[in-house]
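Position one of the sequence shown corresponds to residue 254 (the working numbering), numbered consecutively onward.
Glycine residues also receive a C-beta, built at the ideal position from the N, C-alpha and C atoms.
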Amino acid sequence: MTDDNFNKAKDTKTLKKFDLDLKYGQMREQKVHDMFFNKKFEVKSERDWWQKTGNIAIEVECYDKPSGISTTEADYWMHILTDGDDEYGILIFKTSTIKKLVKKYKNKSVYGGDHRKSRFILVPLKQLFVTENVTNGW
254 MTDDNFNKAK
264 DTKTLKKFDL
274 DLKYGQMREQ
284 KVHDMFFNKK
294 FEVKSERDWW
304 QKTGNIAIEV
314 ECYDKPSGIS
324 TTEADYWMHI
334 LTDGDDEYGI
344 LIFKTSTIKK
354 LVKKYKNKSV
364 YGGDHRKSRF
374 ILVPLKQLFV
384 TENVTNGW
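In structure tokens form, the structure reads like this:
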């Protein structure tokens, strides 16, 4: 389905065409199904610090060697935000999107993890969905 087929009508009678919205919804459901059953995921959990700092931390190095987003072969990056032992939310991005964000925020680097030997790039949560970061081709 292309954008040309999406319901962009102005009159109320046409806007109520359930079939177009249903078809679009079914297409998105199929994409999610394909994503979970046919693609690779890198899964990271963010414990508590995201609440205090307003950032998610993306690992780029460990013991001075590339790691995390720098070496993943995954198609998708899943970032689980926890609140204690509970999942608060789960963010899923194409790995290419996370790599672009890491490049953009490369100056926001910190060390942490075991023996503070991992280097992370801090990406502000409130910046994840701003237009300039979402637009294709940035």
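- Non-local beta-carbon contacts of Lys352 in its own chain, meaning distances under 8 Å to residues more than five positions away in sequence, involve Ile322 in chain order.
- A direct Cα-to-Cα measurement between Tyr329 and Lys270 gives close to 33 Å.
- By the criterion of at least three beta-carbon pairs nearer than 8 Å, the stretch 332-351 is in contact with the stretch 290-305.
- The continuous alpha helix (DSSP H) containing Asp272 extends over residues 271-291.
- One thing to note: Pro377 has its Cβ no nearer than 9 Å to the Cβ of Tyr364.
- When C-alpha distances from Val383 are compared across Tyr277, Thr348, Val285, Leu354, the shortest belongs to Leu354.
- A check of alpha carbon separations from Lys361 across Lys379, Thr335, Asn308, Leu273 identifies Asn308 as the nearest.
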